[in-house]
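Q: Numbering (our numbering), first residue to last: -10 to 80.
Have a look at the structure that comes next, please.
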């Protein structure tokens, strides 16, 4: 087995200046994982067809600007946005 370094001082630090949000597909997948939702459940929450969500996650199609904004908000604040969407659906 290769020798491993004793420390990781040369490992880069990641922050807002040297990293970027993933694309819409990545943001959707991460958001679903954080929330523990199926594709069907997230599609229901976003009030979109399941096929649309699948196409976005598989990069077959690209969400429009409004959907991209919602996806970005969901990625950055998953629990809060999901709670707002759930409340909106219940009203």
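Ideal Cβ positions, reconstructed from N, Cα and C, are used throughout, including at glycine.
State buried or exposed for residue 78, treating a residue as buried only when at least 16 other CB atoms are found within 10 Å of its CB.
A: When all chains shown are included, residue 78 counts as exposed.
Q: Going by DSSP in three states, residue 70 sits in which element: helix, strand or coil?
A: The answer is helix: DSSP assigns residue 70 an H, G or I state.
Q: Buried or exposed: where does residue 35 fall if 16 or more other Cβ atoms within 10 Å of its Cβ makes it buried?
A: Buried, since its Cβ has 16 or more Cβ neighbours within 10 Å.
Q: Buried or exposed: residue 13, going by 16 or more other Cβ atoms within 10 Å of its Cβ?
A: Per the 10 Å Cβ criterion, buried.
Q: Our contact map puts residue 20 next to residue 59 with C-beta atoms below 8 Å; I'd like the distance itself, whole angstroms only.
A: 10 Å between Cβ atoms; not a contact.
Q: I'd like the span of the alpha helix (DSSP H) that includes residue 27, first residue to last.
A: Unbroken run through residue 27: none, as it is neither H nor E.
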